[in-house]
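This report concerns only the one structure given below.
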Amino acid sequence: MTDQKSAPRVPVEERLFSLVLALLATQSGLTKNEVLSTVQGYRQKYRMGGDNANLERQFERDKDDIRELGVPLETIEDPGQTGNNHILRYRIPRGSYELPLDITFSGAETTLLNLAAMVWREGSLSAESRRALMKLRSLGVESDEPMIGYAPRLRVRESAFDPLSIALERRHIVRFGYLKPGNAEARLRTLAPLALVQHQGRWHVHGIDQDAEETRTFLLSRIVGPVTLTGASFDDTGSDHAERALRELDEIWENGVGVIDVEPGTDAAARLTRRKGSEVTGENRVTLHYSDLNLIADELAGYGPEVVVIEPEWLREAVLDRLTATAEAHGASITADTAGADDTTGIDRG
Amino acid sequence: MAERQAPLQAQDKLTFLLALVPYLTERGPVSVAEAAAHFRVSPEQLRKAVRLIAVSGVPGDTSSYQHGDLFDIAWDDFEQNDQIVLTHMVAIDDSPRFSAREAAALIAGLQYLSALPEHADREIVTSLMAKLARGSSSNPSQVAVAGSDSDDELRIIRAAVADGRRVEFDYRTARGASERRHVDPLRIESIDQDWYLRGWDHDRGALRTFRLDRITHLTATTKPIEHRPEDLPLPDTLFEPSEEDLVVTIDVAAAALPLLGDYIPDGAKTRPSATRNGWLETTLRVAHYHGLKRLIAGMPGVVVVLQPEDARRAVADWASAGAARYL
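Protein chains in written order, with our numbering: chain L, 19 to 368; chain P, 174 to 500.
Structure, rendered in structure tokens:
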């Protein structure tokens, strides 16, 4: 350890950069030993004929870091020596490292990509967007016009998103607790994740439920506790999972129909009539769509006396239950006297 | 939009180096200032990267990084004129591919943007998504965002922002009142499915944020705006805390806490609830109880207002009045 510390310190990015350069430059690949003993940043710490266990672990971590950036670091096995990982050779094949030359971006496209990256400026995928933009700028194209006047943003508040997106990329099977509304306890689910999709502002994970052996879609907000990677991986050849998941969610949305009455001139009237798919079907009557009974019941409960559910009956009950529970939790008792006693009468109908 | 310039992590620095080399090769001689502006880094960050590139290379035939195995730059130009001239290149020619997650992030971002009026035809978006997928080192992870319908309001406001014209509309606040508002539109913002207009409100004489789905009877006027985006720095958060905000103490189920993030002030104390097992006690800031009662009633079973009494009462009355409509 001591002599490793006394070696000149090479910054991490210099070591990683040198590793990429060395592996790009080699045709036949370098063995681990060749890397450790010759590449800048490793060679300073390398002990000829000694124990290099720390340095080897460093190399393993560096390989992961580099691969995460999309650098195709390849392992070649000597045909006669399968299984002997000391003579594995490492290299980065130029053809799969470099952006194909026929891929170019116009100024207008660059502007749009800048905006697309800005969408992720908070939290999840912000590092990926930032790095994607650096690679884009590498091509030297300037944005046509700065897209002023827009600041769109996607937000992920569910902590399950990051582990799921990593599992998605590595094709790893995951396990998580999933709490269905109305159930007292979360049930453990094992899933081969195929896509993460946002539908009506909510994130879902779509994949193959390993117990049901069928595709299922889960709401991220109902995942409780950590998402763990099981270590098992799976094969996935499809390229339209996200599209299919969104199509299925659209169908569910289409089939979920509720009829409500809204008080004219209220926030509920303004917003619910402009909800996607809403139709005004009578005086103050709106037919709206939803994908999840519990979520729409929560949302409608928020409007308090501004809406009344007409049908279906179970949505009526679900909203009434919620309002009653909220009232009671806040110390009110429900009697017929309260009807119309509050804000509904005071609302400006202009 | 001011970009945050967070200190770069090692992976970011590596990406920057791998991106900078092909840019310098392709671009030819370039000033530090121009290259830094292009990559949106500070001139010093750029100089540091150039110095590192200039002493880097490959081990080479001798495994000892001989002169010809290294990049080189015209040092005099660099030191004296702040000019970058690469004089010797090794190993790298072209830009790196995107990683699966990088491509996925941009593709999902593009899908989201396809809701914007000017991308309604989606042709450019579709072709870009295909390019990103092809330029990715492995199949992009499947992250997708359902497009929302862009409505007429968005179209009208977008045009008004672009032309610098004032707009007028009826706006209904959470309090319930509706008023005609006259606004210089500065920026359209969105969070997930919700769209907002930020602008100078002539009736209030202040910057205001409006939810698009609360705007009705919108008209674009021919009056030029008096307040321009470049004169009015817009804060990064949609809603600015104000001195007059009301502070409310709540109990919240731990899992629901992130949903209240916008209302919990920085530095709020969060501690285990005194009476509810597995719940937390914390504080919210709200402009008025009209917004609060809607928020709390819309999260049934996971949030309870503790105090002040007026706030608790406002929620109780709101929910009771709602329930009473079914009796």
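C-beta atoms are modelled at their ideal positions from N, C-alpha and C, and glycine is treated no differently.
Model, not experiment: these values are computed from the prediction.
- Ranking L/L157, L/K198 and L/S144 by CA distance to the CA of L/L172 puts L/S144 first.
- L/V280 is positioned such that its CB atom lies closer than 7 Å to that of L/A286.
- Under the 7 Å criterion on CB atoms, L/H259 is classed as interfacial with respect to chain P.
- One Cα belongs to L/T291, the other to L/E317, and the distance between them is close to 14 Å.
- Secondary structure remark: continuous alpha helix (DSSP H) runs of at least 4 residues inside the stretch 265-316 of chain L, in chain order: 285-290.
- Against chain P, a Cβ distance below 9 Å from L/P170 picks out G282, Y285, L286, A288, L289, I361, E362, S363, I364 and W368.
- Here L/M66 is exposed: its Cβ has fewer than 16 other Cβ atoms, across all protein chains shown, within 10 Å.
- Among the CB atoms of chain L, none fall inside 7 Å of the CB of P/V421.
- Here L/G59 has V28, E32, R33 and S36 as same chain residues with Cβ atoms under 7 Å from its own Cβ, once five neighbours each way along the sequence are excluded.
- Cβ-Cβ distances below 8 Å link L/Q216 to L172 and H222 in the same chain, with the five nearest sequence neighbours on each side left out; the list follows chain order.
- Interface residue (Cβ-Cβ distance to chain L less than 7 Å): P/D357 is not classified as such.
- Within the same chain, Cβ atoms closer than 6 Å to the Cβ of L/V325 are found at I278, V280, A286 and L318, the five residues on either side in sequence being excluded.
- Taking 9 Å as the upper bound on Cβ-Cβ separation, chain L lies near residues A264, I265, D266, D267, S268, P269, R270, F271, S272, A273, R274, E275, A276, A277, A278, L279, I280 and A281 of the stretch 264-281 of chain P.
- Going by beta carbons, L/E86 and P/A278 fall outside the 7 Å limit.
- Within the stretch 178-206 of chain L, contact with chain P at the beta-carbon level (separation under 9 Å) is assigned to S183, I184, L186, E187 and L197.
- For L/L214 and P/N254, the gap between their C-alpha atoms comes out near 50 Å.
- Contact note: L/E297 does not reach chain P at a C-beta cutoff of 7 Å; the least C-beta distance is about 13 Å.
- Beta-bridge pairing by DSSP links P/W452 to P/A426.
- DSSP, read as helix, strand or coil, puts L/R220 in strand.
- In this structure, P/A426 sits near P/V475, with a CB-CB distance shorter than 7 Å.
- Per DSSP, reduced to three states, the secondary structure at P/P481 is coil, with no helix or strand assignment.
- Counted as a single uninterrupted DSSP element, the alpha helix (DSSP H) harbouring P/T299 occupies residues E296 to R307.
- In this structure L/L91 is not in contact with L/Y64, their Cβ atoms being roughly 20 Å apart against a cut-off of 8 Å.
- DSSP places L/G249 in the uninterrupted beta strand (DSSP E) bounded by I241 to S251.
- Every alpha helix (DSSP H) of 4 residues or more that sits fully in the stretch 101-153 of chain L is shown, in chain order, as 112-115 and 125-136.
- At least one CB of chain L lies nearer than 7 Å to the CB of P/V316.
- Annotation: the continuous beta strand (DSSP E) that includes L/V325 extends over V325 to E329.
- By the CB criterion at 7 Å, L/L247 and L/G225 fall outside the cutoff.
- The beta-carbon of P/G474 is placed less than 7 Å from the nearest beta-carbon of chain L.
- At least 7 Å separates the CB of P/H261 from every CB of chain L.
- Against chain P, the beta carbon of L/S161 has no neighbour under 9 Å; the closest one sits roughly 10 Å away.
- A straight-line Cα-Cα distance of about 44 Å links P/A429 and P/P216.
- When the Cα atoms are used, L/L42 and L/V275 turn out to be separated by approximately 58 Å.
- Boundaries of the beta strand (DSSP E) around P/P397: I388 to P397.
- Here P/D357 is buried. Its C-beta has 16 or more other C-beta atoms within 10 Å.
- The DSSP-derived three-state label of L/D229 is coil.
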